[in-house]
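Some notes on the structure that comes next.
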Amino acid sequence: MRIALFATCLGDTLFPEAVKSTAVLLARLGHDVVFPPQQTCCGQMHVNTGYQREPVPLVRNFAEQFGDPAIEAVVVPSGSCAGSVRHQHEIVAARYGDAALRAGVAAVRTKTYELSEFLVDVLDLTDVGAYFPHRVTYHPTCHSLRMLRVGEKPLRLLRAVEGIDLVELPEADACCGFGGTFAVKNAETSTAMLRDKMDHITGTGAAVCTAGDSSCLMHIGGGLSRIRSGTRTLHLAQILAATRTTPHVLTEAAR
Amino acid sequence: MSSPTGPATQGTFLGMPAVPPRSPYGTGHLRGERSFPRAAHDELGNGQLRRNLGKATHSIRAKRLAVTGELPDWEQLRDTGSAIKTDTMNRLPELLEQLERKVTERGGTVHWARDGVEANEIVTRLVRETGSDEVLKVKSMATQEIGLNEHLATQGIAALETDLAELIVQLADDRPSHILVPAIHRNREEIREIFLRHIPGVDPALDSDPARLAAAARAFLREKFMTTKVAVSGANFGIAETGTLAVVESEGNGRMCLTLPETLITVMGIEKVLPRFQDLEVFLQLLPRSSTGERMNPYTSLWTGVTPGDGPQEFHLVLLDNGRTAALADRIGRAALHCIRCSACLNVCPVYERTGGHAYGSTYPGPIGAVLTPQLAGMHGAKGDPNSSLPYASSLCGACFDACPVKIDIPSLLVELRHQHTEQSGTTAEKLAMKAAAAVMKRPGLFTAAQKAAGLGRVPAGRDGTLSRLPPPLNGWSDSRDTPAPPQQTFRSWFASAEGAAAMRAAAEEGARHTDDAPQEES
Numbered sequence: 013m014r015i016a017l018f019a020t021c022l023g024d025t026l027f028p029e030a031v032k033s034t035a036v037l038l039a040r041l042g043h044d045v046v047f048p049p050q051q052t053c054c055g056q057m058h059v060n061t062g063y064q065r066e067p068v069p070l071v072r073n074f075a076e077q078f079g080d081p082a083i084e085a086v087v088v089p090s091g092s093c094a095g096s097v098r099h100q101h102e103i104v105a106a107r108y109g110d111a112a113l114r115a116g117v118a119a120v121r122t123k124t125y126e127l128s129e130f131l132v133d134v135l136d137l138t139d140v141g142a143y144f145p146h147r148v149t150y151h152p153t154c155h156s157l158r159m160l161r162v163g164e165k166p167l168r169l170l171r172a173v174e175g176i177d178l179v180e181l182p183e184a185d186a187c188c189g190f191g192g193t194f195a196v197k198n199a200e201t202s203t204a205m206l207r208d209k210m211d212h213i214t215g216t217g218a219a220v221c222t223a224g225d226s227s228c229l230m231h232i233g234g235g236l237s238r239i240r241s242g243t244r245t246l247h248l249a250q251i252l253a254a255t256r257t258t259p260h261v262l263t264e265a266a267r
Numbered sequence: 011m012s013s014p015t016g017p018a019t020q021g022t023f024l025g026m027p028a029v030p031p032r033s034p035y036g037t038g039h040l041r042g043e044r045s046f047p048r049a050a051h052d053e054l055g056n057g058q059l060r061r062n063l064g065k066a067t068h069s070i071r072a073k074r075l076a077v078t079g080e081l082p083d084w085e086q087l088r089d090t091g092s093a094i095k096t097d098t099m100n101r102l103p104e105l106l107e108q109l110e111r112k113v114t115e116r117g118g119t120v121h122w123a124r125d126g127v128e129a130n131e132i133v134t135r136l137v138r139e140t141g142s143d144e145v146l147k148v149k150s151m152a153t154q155e156i157g158l159n160e161h162l163a164t165q166g167i168a169a170l171e172t173d174l175a176e177l178i179v180q181l182a183d184d185r186p187s188h189i190l191v192p193a194i195h196r197n198r199e200e201i202r203e204i205f206l207r208h209i210p211g212v213d214p215a216l217d218s219d220p221a222r223l224a225a226a227a228r229a230f231l232r233e234k235f236m237t238t239k240v241a242v243s244g245a246n247f248g249i250a251e252t253g254t255l256a257v258v259e260s261e262g263n264g265r266m267c268l269t270l271p272e273t274l275i276t277v278m279g280i281e282k283v284l285p286r287f288q289d290l291e292v293f294l295q296l297l298p299r300s301s302t303g304e305r306m307n308p309y310t311s312l313w314t315g316v317t318p319g320d321g322p323q324e325f326h327l328v329l330l331d332n333g334r335t336a337a338l339a340d341r342i343g344r345a346a347l348h349c350i351r352c353s354a355c356l357n358v359c360p361v362y363e364r365t366g367g368h369a370y371g372s373t374y375p376g377p378i379g380a381v382l383t384p385q386l387a388g389m390h391g392a393k394g395d396p397n398s399s400l401p402y403a404s405s406l407c408g409a410c411f412d413a414c415p416v417k418i419d420i421p422s423l424l425v426e427l428r429h430q431h432t433e434q435s436g437t438t439a440e441k442l443a444m445k446a447a448a449a450v451m452k453r454p455g456l457f458t459a460a461q462k463a464a465g466l467g468r469v470p471a472g473r474d475g476t477l478s479r480l481p482p483p484l485n486g487w488s489d490s491r492d493t494p495a496p497p498q499q500t501f502r503s504w505f506a507s508a509e510g511a512a513a514m515r516a517a518a519e520e521g522a523r524h525t526d527d528a529p530q531e532e533s
């Protein structure tokens, strides 16, 4: 299958390892992975902060970059960015776009998938041949869970990983407190939410907290690093991309 | 406080429809004194509040999930509730006129109040006409919204709250912090002290046993029920078809107020009307299961006009707008008017759980308050109105949408109100930053250059590759979170590099080998 990878601005710039793992994983599964090089950002931060005029060019660029009919699927290693493409681009296009943009957005949204959805729903896979002999706990990010409704899909993928010690995260469905600019505008409330999330994570004794969004992981990981918890964060793709041949070597977590 | 928008224009009619008025600035309780982040700062420091809220919200959540999960048709009930509300809002004027007609036919009197000021004046006049200088109150959000008790006090009329939690709040000269559990922020020791100080003739040996606290309140209230001539209530529902009003409650004190006094005055927000009596079948299932987590609330009172020789012989219904028509005029925002005040969204909200209700500064706290309050009272963005901070008091986690019995998409409404706020606000530093970010991101060449510049962030990073202090406005973030320094190589440059190409080739080869070893299903 010809798959276009949407790296997301955050993944591309700050968390390239998560995107590399996504690319490597899809290649290992036998797919032709392309990276439309003019891609930038989905505009989620703008829309969620209240700006809908400003991201029009971003929405247009996304529809143009990924509109090529030869691209069978657009895969995004982020639940919230996939949610933005699927649910917010049409709002922006309906309000401030033209007919061409509305058509472009409608065409591209139906073939855009978050990584776990793509693997489980489109490829019908749960065992991707991964090997990860560490204790892991999974945080379902809010937009994966409640906007895309990925449900158990990431957990089904993780359960099939060889050697993994997957432990349940208490109150897993509670928000970590990130919420984009929420963590800046309401930093103290966000911190109170983060603290409870970190208590639950460290209580599992996991070496790794994983999720399908680099943004939420940046938040959780930033907190875990600050308190020197000894737990690090890894994107779901980094666990699924690890194999016996090319295992993931855990870096030292701050203690 | 004077209105920052100035007086409404009353010029010659030019054929343009007027913008419906919002609740007047500076009246009632639809606006706090501080922005949400500032108010939350104090509430977050209150450990007692955090513990009480955590305990209460978690236990109500579990109860709600149990009683909504047991109904096989719960999702259809939610859909039906949502459809009835949509239908109601689409023909609100006709339904309200029908309600007025039916109530009048059955011996009641209907009054129309444009805003809280008018409603307060109407209620004051009606109470004066009875000759009484005290009124009993049934727990009511609408009368809190308009500050009725305070207004009555200025007119020499004492209003006594009869819902136990509301009574506690009133005696302590406090404000409710939760729609359903107004005294959620108080523990029993505090309640004992409030009773000892404020209930006349209470036993000085009163301890903090909940049953004895309730008994002390009961003795005080029963006497009032038997001697007070007027009661003021709100309404959960008003049925256009029959003119029937409905109040649901747990304690029975509402029932006493609705039946014992000679005169009953009900203040109802206009969005509480339902078309048919049969619609109660849906809402009397949705409301108690969503709010208290009970299959049915203990007391449901229904009354229609006046019944000779039984109950109040004089009944007045005050229909309150106070910004509701303005909300109705908003194609998207009007969905907030579907709210049945169950408080399920408060109980699941991770923000509310930490800050409590006072931080919202409004009678309506939590997620629904954050969308309803700015619509009823406006958010004068450029004026530093605390209401303009409410749509941002959410991480958009979506738990409220899943819990809402009438499926109000609160996260989408929050995003919509944020947009309305930025559109009203003119040029701000944030808007310029957003414009600048979009200008860079729409040009891939510039974006790549900016990514390279971001790589300079490695310079101030510590040995562990993290940034521990960031400048304003990001300092709130960096107070409790490390930020990774941007890595040397972006994904796009890796993918375009020889190293990236080799890694992708190796992965494909590994996959091919693996497929040879153990054939895998794949499309």
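Order-wise, the sequence lines are chains A and B.
Going by my numbering, the first residue of the first sequence is number 13, and it counts up by one from there.
Going by my numbering, the first residue of the second sequence is number 11, and it counts up by one from there.
Each residue gets a CB set at the ideal place from its N, CA and C atoms; glycine is no exception.
None of the values given here were measured: they were computed from a predicted structure.
Got a sec? Which residues, its chain only, sit under 8 Å from residue i by beta carbon, not counting five neighbours each side?
i, result
"glycine 472(B)", "Ser478"
"arginine 44(B)", "Gly371, Pro396"
"glutamate 272(B)", "Thr140, Lys239, Val240, Pro322, Gln323, Glu324"
"alanine 522(B)", "none"
"leucine 102(B)", "Ile280, Glu281, Val283, Leu338"
Could you tell me how far apart the beta carbons of residue i and residue j are, in whole angstroms, since I believe they sit closer than 8 Å?
i, j, result
"glycine 367(B)", "serine 187(B)", "4 Å"
"isoleucine 83(A)", "arginine 14(A)", "6 Å"
"proline 496(B)", "threonine 52(A)", "In fact, because the Cβ distance is near 16 Å, the residues do not count as touching under 8 Å."
"valine 120(A)", "valine 68(A)", "That pair is no contact at about 15 Å."
"cysteine 54(A)", "threonine 25(A)", "14 Å between Cβ atoms; not a contact."
"serine 33(A)", "alanine 253(A)", "4 Å"
"serine 243(B)", "leucine 274(B)", "7 Å"
Which same chain residues end up closer than 6 Å to residue i when comparing Cβ atoms and leaving out the 5 residues on each side of it in sequence?
i, result
"histidine 177(A)", "At residue 177(A) the sequence reads aspartate, which differs from the histidine that was named. The residues are Arg147."
"proline 377(B)", "Cys355, Cys359, Cys410, Ile420"
"glycine 379(B)", "Tyr370, Ser372"
"proline 375(B)", "Gly367"
"leucine 181(B)", "Ile204, His208"
"glutamine 108(B)", "Ala250"
Just the chain D side, please: which residues come within less than 8 Å of residue i by C-beta, in chain order?
i, result
"serine 404(B)", "Included in the structure are the protein chains A and B, with no chain D among them."
Tell me which residues share the same chain as residue i and place their Cβ nearer than 7 Å to its Cβ, disregarding the 5 neighbours each side in the sequence.
i, result
"alanine 387(B)", "Arg32, Ser33, Leu40, Arg41, Gly333, Asn397"
"proline 17(B)", "Residue confidence is low: proline 17(B) scores 43 on pLDDT, short of 50, so the model does not pin down where it sits. Its coordinate-derived value is still stated next. Around proline 17(B): no qualifying Cβ."
"histidine 99(A)", "Met159"
Using a Cβ distance threshold of 8 Å, determine whether the segment 407-414 of chain B contacts the segment 149-158 of chain A, with at least three qualifying pairs required.
The segment 407-414 of chain B, when compared against the segment 149-158 of chain A, does touch it at the 8 Å Cβ threshold.
Using a beta-carbon distance cut-off of less than 8 Å, what residues from the segment 487-501 of chain B approach chain A?
Trp487, Asp489, Ser490, Arg491, Asp492, Thr493, Pro494, Pro496, Pro497, Gln499, Thr500, Phe501
Contact the segment 25-35 of chain A vs the segment 241-258 of chain A: 3+ CB pairs below 8 Å:
With the cut-off at 8 Å, the segment 25-35 of chain A and the segment 241-258 of chain A touch.
Are at least three pairs of beta-carbons, each pair with one atom in the segment 44-55 of chain B and one in the segment 281-288 of chain B, less than 8 Å apart?
no
Report yes or no: do three or more beta-carbon pairs, one from the segment 296-307 of chain B and one from the segment 79-99 of chain B, lie closer than 8 Å?
yes
Should the segment 131-146 of chain A be called in touch with the segment 166-180 of chain A, which here means at least 3 C-beta pairs below 8 Å?
yes
Scan the segment 246-259 of chain A for residues whose Cβ lies nearer than 9 Å to a Cβ of chain B and list them as they occur along the chain.
Ala253, Thr255, Thr257, Thr258
Can you list, in chain order, the residues of the segment 444-466 of chain B whose Cβ is nearer than 7 Å to any Cβ on chain A?
Listed by position along the chain: Met444, Lys445, Ala448, Met451, Lys452, Pro454, Phe457, Gln461, Ala464.
Contacting positions in the segment 51-70 of chain A - beta carbon closer than 9 Å to chain B:
Gln51, Thr52, Cys53, Gly55, Met57, His58, Val59, Asn60, Thr61, Gly62, Tyr63, Gln64, Arg65, Glu66, Pro67, Val68, Pro69, Leu70
List, from N- to C-terminal side, the alpha helix (DSSP H) runs of 4 residues or more that fit wholly inside the segment 274-321 of chain B.
289-301
Segments of 3+ residues assigned as beta strand (DSSP E) that fall wholly inside the segment 125-181 of chain A:
147-150, 177-179
Short-range partners of chain A found in the segment 131-161 of chain B, where Cβ spacing is below 8 Å:
none
With 8 Å as the C-beta to C-beta threshold (strictly closer), list the residues of the segment 229-246 of chain A near chain B in chain order.
Met230, His231, Gly233, Gly234, Gly235, Ser237, Arg238
What residues in the segment 39-56 of chain B have a beta carbon less than 8 Å from any beta carbon of chain A?
Phe46, Pro47, Ala50, His51, Leu54
At a CB distance below 7 Å, what residues from the segment 20-43 of chain A approach chain B? Give them in sequence order.
For the segment 20-43 of chain A, residues whose beta-carbon sits nearer than 7 Å to a beta-carbon of chain B comprise Cys21, Gly23, Asp24, Thr25, Leu26, Pro28, Val31, Lys32, Ala35, Val36, Ala39, Arg40, Leu41, Gly42.
Mind pulling the alpha helix (DSSP H) runs of 4 or more residues that sit fully within the segment 29-100 of chain A?
Within the segment 29-100 of chain A, the runs of alpha helix (DSSP H) that reach at least 4 residues and sit entirely inside it are, in chain order, 56-61, 68-78, 91-95.
Going along the chain, which residues of the segment 123-142 of chain A sit with their C-beta nearer than 8 Å to a C-beta in chain B?
Answer set for the segment 123-142 of chain A: Val134, Leu135, Asp136, Leu137, Asp139, Gly141.
Counting Cβ pairs closer than 8 Å, one from the segment 207-223 of chain B and one from the segment 145-162 of chain B, do we hit at least three?
The segment 207-223 of chain B is not in contact with the segment 145-162 of chain B.
To test your reading of the DSSP string, which unbroken alpha helix (DSSP H) runs of 4 or more residues are found completely within the segment 18-103 of chain B?
Listed in chain order, they are 46-54, 57-79, 84-100.
Answer yes if the segment 428-440 of chain B comes into contact with the segment 222-237 of chain A, meaning at least three C-beta pairs across the two stretches below 8 Å, and no otherwise.
no
Sufficient close CB pairs (3 or more, under 8 Å) joining the segment 261-271 of chain B to the segment 171-179 of chain B:
yes
Using a Cβ cut-off of 7 Å, which residues of the segment 103-119 of chain A contact any Cβ in chain B, in chain order?
Using a CB distance below 7 Å, no part of the segment 103-119 of chain A faces chain B.
Write down every uninterrupted run of the alpha helix (DSSP H) in the segment 498-527 of chain B whose length is 4 residues or greater and which is fully enclosed by it, in chain order.
501-506, 508-527, all fully within the segment 498-527 of chain B.
If we count Cβ pairs, one from each stretch, closer than 8 Å, do we get three or more for the segment 289-300 of chain B versus the segment 63-71 of chain B?
no
Closer than 9 Å between beta carbons: that is the criterion. Which residues of the segment 211-231 of chain A meet it against chain B?
Met230, His231
Beta strand (DSSP E) segments (min. 3 residues) lying fully within the segment 391-447 of chain B:
none
Cβ pair count under 8 Å reaching 3, the segment 118-136 of chain A against the segment 201-213 of chain A:
no
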